[in-house]
Amino acid sequence: MDEPTGTHLLEMRNLKGEMSINNNPSFKSKKSMLISPLIRAVRRGLRMTEKYLNEQKDVEKLKITDTDISGRNIFHLSVQREELLEFVLETFEKHDHLIQALHSEDVNGYTPAHIAVLHNERKSMHILAGVDKKIYTIRSTKTGQTLIHSAVKSCNPYIVQDILEARPDALYDKDNDGKPPQHYAAALEECFLLEFLLSHGADIFETDKNNSTPFHMAADAGSLSNVKLLFHEDEDLLRAEDNQGRTALHIACMNGCRNIVSFLLENGADPLVKMEGGLNCLAVAVMNKQDDVVKELLLSDHWKDLITEWNGGAKRGFAHLVNKMPDNAKILLDRCVVKSDDKPQSLDYHITYDFFLLEPTGSKPPMFDGLQAIIDNNDEQCLTHKLCKKYFSVKWREKGCYVYLANLLIYLCFHVLFNVYVALIRSAMAFRLLNAANAVTTNATTSNNSVVRPNQPGAIVATALIVILTLFNIFKELVQMHSQRWRYFKQFSNYFEWTLYVCVLYFMFPVRKAKTERQFVAAAIANCISWFNLIWFLRRIPDIGTYILTLQKVFKTLVKMLLLIVLFCMAFASTFHLLFAEHSRFENFPIAVLSTFVSMLGDFNYDSLFLEAGYYKDIYTFKLLMFIMFVLLMVVVVNNVLIGLAVGDTTYVMSMAKVKRLRQHMKFIMEVESSPFARLPCFKRKEDTIVTEYPNHKKSFTDNVNRFLAGETTTFYNVDEVDDEGGDDVLTQDKIEEMVQTRLENYHKKMMQELKDFHSDMVEKLEEMQGSS
Numbered sequence: 009m010d011e012p013t014g015t016h017l018l019e020m021r022n023l024k025g026e027m028s029i030n031n032n033p034s035f036k037s038k039k040s041m042l043i044s045p046l047i048r049a050v051r052r053g054l055r056m057t058e059k060y061l062n063e064q065k066d067v068e069k070l071k072i073t074d075t076d077i078s079g080r081n082i083f084h085l086s087v088q089r090e091e092l093l094e095f096v097l098e099t100f101e102k103h104d105h106l107i108q109a110l111h112s113e114d115v116n117g118y119t120p121a122h123i124a125v126l127h128n129e130r131k132s133m134h135i136l137a138g139v140d141k142k143i144y145t146i147r148s149t150k151t152g153q154t155l156i157h158s159a160v161k162s163c164n165p166y167i168v169q170d171i172l173e174a175r176p177d178a179l180y181d182k183d184n185d186g187k188p189p190q191h192y193a194a195a196l197e198e199c200f201l202l203e204f205l206l207s208h209g210a211d212i213f214e215t216d217k218n219n220s221t222p223f224h225m226a227a228d229a230g231s232l233s234n235v236k237l238l239f240h241e242d243e244d245l246l247r248a249e250d251n252q253g254r255t256a257l258h259i260a261c262m263n264g265c266r267n268i269v270s271f272l273l274e275n276g277a278d279p280l281v282k283m284e285g286g287l288n289c290l291a292v293a294v295m296n297k298q299d300d301v302v303k304e305l306l307l308s309d310h311w312k313d314l315i316t317e318w319n320g321g322a323k324r325g326f327a328h329l330v331n332k333m334p335d336n337a338k339i340l341l342d343r344c345v346v347k348s349d350d351k352p353q354s355l356d357y358h359i360t361y362d363f364f365l366l367e368p369t370g371s372k373p374p375m376f377d378g379l380q381a382i383i384d385n386n387d388e389q390c391l392t393h394k395l396c397k398k399y400f401s402v403k404w405r406e407k408g409c410y411v412y413l414a415n416l417l418i419y420l421c422f423h424v425l426f427n428v429y430v431a432l433i434r435s436a437m438a439f440r441l442l443n444a445a446n447a448v449t450t451n452a453t454t455s456n457n458s459v460v461r462p463n464q465p466g467a468i469v470a471t472a473l474i475v476i477l478t479l480f481n482i483f484k485e486l487v488q489m490h491s492q493r494w495r496y497f498k499q500f501s502n503y504f505e506w507t508l509y510v511c512v513l514y515f516m517f518p519v520r521k522a523k524t525e526r527q528f529v530a531a532a533i534a535n536c537i538s539w540f541n542l543i544w545f546l547r548r549i550p551d552i553g554t555y556i557l558t559l560q561k562v563f564k565t566l567v568k569m570l571l572l573i574v575l576f577c578m579a580f581a582s583t584f585h586l587l588f589a590e591h592s593r594f595e596n597f598p599i600a601v602l603s604t605f606v607s608m609l610g611d612f613n614y615d616s617l618f619l620e621a622g623y624y625k626d627i628y629t630f631k632l633l634m635f636i637m638f639v640l641l642m643v644v645v646v647n648n649v650l651i652g653l654a655v656g657d658t659t660y661v662m663s664m665a666k667v668k669r670l671r672q673h674m675k676f677i678m679e680v681e682s683s684p685f686a687r688l689p690c691f692k693r694k695e696d697t698i699v700t701e702y703p704n705h706k707k708s709f710t711d712n713v714n715r716f717l718a719g720e721t722t723t724f725y726n727v728d729e730v731d732d733e734g735g736d737d738v739l740t741q742d743k744i745e746e747m748v749q750t751r752l753e754n755y756h757k758k759m760m761q762e763l764k765d766f767h768s769d770m771v772e773k774l775e776e777m778q779g780s781s
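Going by this note's numbering, 166 is the number at position 158 of the sequence shown; the sequence numbering is gapless.
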């Protein structure tokens with residue numbers, strides 16, 4: 009039978025030759041799992057190695073090239089222990105495979121010399137160099153790394169110095185990726201080793217296969233000290249690009265190295281350079297979710313150019329930040345508000361607002377990417393930002409207030425005319441029916457002259473006006489449908505408006521004929537919706553809008569509980585129907601449900617239903633018991649739960665009124681800007697997106713009214729929303745002195761201006777007198 013591959017030592021006996029592992033049934037017979045006894049002895053140290061080798065008769069026949077599962081031979085294992093390495097080398101000094109074993113690589117591509125360098129075993133390197141003169145030329149076949157690469161990676165300047173003294177050309181060695189030693193040194197945290205290599209002539213512009221310089225490697229590793237060192241060597245490294253068009257600034261932004269980004273920006277790095285794909289530094293940082301770097305870029309002087317050159321435009325860039333990084337979106341809004349250096353109480357103090365992020369795109373219909381993102385994410389800090397509030401105010405003054413007042417005036421005319429017309433027609437019909445019932449023909453004939461009939465001229469004129477206004481509103485709805493597309497059908501209020509106008513037209517025609525009962529039902533529906541629609545119009549007024557929001561929230565809560573309330577009502581209604589079927593209030597099940605619901609409000613009819621024995625005296629006690637259960641459960645518990653929910657909803661709405669009102673303003677402004685009416689010459693959009701405001705200047709009455717409707721002025725519930733441009737309102741001694749000094753300066757400016765005017769007038773008069781003489 010042939011021996012296993014190698015020698016008989018691979019039979020894996022222990023050092024005493026006892027108990028072969030091959031006899032162990034759990035042993036996996038894999039060749040890679042077999043470990044030489046020599047390797048096992050070296051692993052256990054110098055003493056066990058000496059003992060093992062002394063037991064061997066012919067040392068020269070031992071296979072020193074055998075390896076363990078990691079591909080390491082006895083020299084890989086002994087280089088970290090100098091005495092053991094010296095002993096092993098002395099023992100196998102004349103072995104035929106010594107050089108082969110010293111050049112053998114483990115699974116990672118490291119030779120024993122690489123292992124010694126990586127573990128900073130300088131003396132072991134000297135021992136190996138004494139045995140093999142070519143030890144410094146060894147290169148890994150797997151990675152292409154020479155000893156100087158490993159020495160730099162282990163951050164040992166003494167071994168690097170030894171390698172350069174023995175072989176100066178090692179400074180130009182490159183691994184399989186084309187990286188020289190300075191690339192490895194640039195990736196270290198400290199800069200002393202890179203500085204040492206540069207002092208020996210290393211090229212800072214040397215590139216690897218990816219065209220990356222040491223400057224790129226330092227930025228990639230986040231080594232600020234190496235970045236500073238290389239920058240001070242040559243500033244042209246700031247413009248060096250790899251094969252993907254990335255500068256060191258791109259790489260720092262990608263890896264989230266804010267300190268390096270800050271240093272590079274301060275020293276002239278251009279963040280507007282685009283890599284492959286047209287991405288600038290801001291886009292790279294956002295794509296890699298580096299919040300701190302994005303903040304640093306937005307706080308730099310290049311913030312506006314960075315967001316403007318975003319793929320798709322600044323507005324889409326801002327929308328992306330709102331979706332992914334709302335805190336940085338707020339910083340971007342902060343940069344769009346610039347306060348002057350004048351004192352806050354000075355008349356010259358002004359605030360400049362730049363709305364380029366919020367303005368719609370030039371598409372048809374215009375798209376509000378930024379505003380839509382704020383609405384979709386319900387971002388409170390962006391909604392309540394002073395830039396957004398000022399944008400709403402400006403747009404309200406330009407178009408919103410006029411469109412709103414025009415709509416309100418037209419709707420008021422329609423509402424008043426329709427309600428008066430329906431009331432007069434219904435009164436006339438009721439008067440005739442009552443007269444016919446009482447058979448009082450004389451009074452009916454006399455009174456008929458004062459009631460309104462559909463065929464009278466006044467009624468026909470009113471009908472024409474109502475129909476015209478209704479058709480105008482229908483046309484307006486069609487225009488909104490065209491501009492909003494599918495979004496129009498997602499708004500529940502639009503269905504109510506269509507119901508209103510259809511019911512109005514159904515009631516109005518035919519004009520000269522008497523109205524039928526179905527027409528009056530349609531009129532009743534239209535009348536109710538008309539009042540609700542009028543209330544909905546008033547939500548633009550700040551205080552009233554808060555009440556409407558409260559009612560809306562409470563109604564939604566009631567609808568959520570409606571199923572539960574109906575089930576409770578049906579439970580008691582079925583019981584009361586069986587007990588009181590002889591009474592009109594519970595004669596059938598639907599009426600019983602309605603009566604039970606009304607009884608929740610306190611209308612029990614207690615005496616006739618429960619106190620009297622009625623038809624069935626035997627169930628008198630049971631009736632009282634059911635009545636007590638009804639009072640406790642429906643009147644006390646359910647009603648109090650509804651009141652508690654209503655109070656909770658009211659508190660919530662009052663606290664969130666600011667955000668909800670601003671959301672409504674935002675949607676209204678977007679609808680106005682997207683509507684065809686905004687294209688009228690009087691509503692032509694201004695191209696300038698910058699607005700300058702002087703808060704200390706007096707404002708006109710019209711401006712104050714617009715500010716009130718826009719929600720800028722203080723009301724009982726939004727006292728915390730007053731513009732804070734003036735700073736803290738707490739009066740201190742320093743602030744009082746500052747205010748007095750500011751007013752004195754303002755008076756001084758006015759007096760100087762008056763003196764200049766007076767002087768110019770006197771000069772003109774003297775010139776006229778001299779000319780006349």
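Even for Gly, the Cβ is constructed at its ideal location relative to N, Cα and C.
Between the stretch 521–533 and the stretch 628–644 there are fewer than three C-beta pairs closer than 8 Å, too few to call the two in contact.
In the three-state DSSP reduction, E113 falls in the coil class, being neither helix nor strand. In this structure, the alpha-carbon of L179 lies about 26 Å from that of Q108. Beta-bridge partners of K521 (DSSP): none assigned.
Exclusion of the five residues before and after N319 leaves G286 as the residues of its chain whose Cβ lies within less than 6 Å of its Cβ.
DSSP places V281 outside both helix and strand once states are collapsed to three, so it counts as coil.
For E701, DSSP records a beta bridge to I359.
Counting along the chain, no alpha helix (DSSP H) covers V345; the unbroken beta strand (DSSP E) around it starts and ends at V345 to K347. Rounded to the nearest whole angstrom, the CA to CA distance from W539 to H423 is 8 Å. Sequence-distant Cβ neighbours of I268 in its own chain, meaning closer than 7 Å and more than five residues away, are A227, G230, L232, V235 and A260.
With a minimum length of 4 residues, the unbroken runs of alpha helix (DSSP H) contained wholly in the stretch 588–616 fall at 597–607. R147 is bridged by DSSP to T154. When S683, T151, P352 and L546 are compared, the shortest CA-CA separation from V487 is found for S683.
Annotation: L172 to I135 spans about 17 Å, alpha carbon to alpha carbon. Counting only residues of its own chain and dropping the five nearest sequence neighbours on each side, K332 has a CB closer than 7 Å to the CB of V294. Using a Cβ distance threshold of 8 Å, P352 and H310 do not count as a contacting pair. Residue burial is scored here from C-beta neighbours: V50 has at least 16 other C-beta atoms within 10 angstroms and is therefore classed as buried. With a cutoff of 8 Å on beta-carbon distance, P222 and F200 are scored as not near each other. With a threshold of 16 other beta carbon atoms within 10 Å, S501 falls short and is exposed.
Along the length of the stretch 64–149, whole alpha helix (DSSP H) runs at least 4 residues long occupy 82–86, 90–99, 106–110, 120–126 and 130–139, reported in chain order. Nearest to Y509 by C-alpha distance, out of R593, I556 and Y419, is Y419.
A Cβ-Cβ contact shorter than 8 Å links N219 with N251.
Listed in chain order, the non-local C-beta contacts of E241 below 6 Å within the same chain comprise I212, local neighbours out to five positions each way being set aside.
Assignment of M674 by DSSP, reduced to helix, strand and coil, places it in the helix class. A distance below 8 Å separates the beta carbons of H673 and F400. For the pair L257 and L246, the Cα-to-Cα distance works out to about 8 Å. The shortest C-alpha to C-alpha distance from E304 to any of K59, S270 and K312 is the one to S270. Within the stretch 275–343, there are no complete beta strand (DSSP E) runs of at least 3 residues. Counting only the Cα atoms, P120 lies some 6 Å from F83.
A distance below 8 Å between beta-carbons, with the five flanking residues on each side excluded, links G378 to the following residues of its chain, in chain order: K323, F326, A327, V330, L365 and L366. The alpha-carbon separation between K312 and L306 amounts to approximately 8 Å. Pairing L92 with L54 gives a Cβ-Cβ distance under 8 Å. Selection K484, T316 and S491 evaluated against E505 yields K484 as nearest (Cα-Cα). The alpha-carbon separation between D765 and M777 amounts to approximately 19 Å. DSSP, read as helix, strand or coil, puts Y624 in coil.
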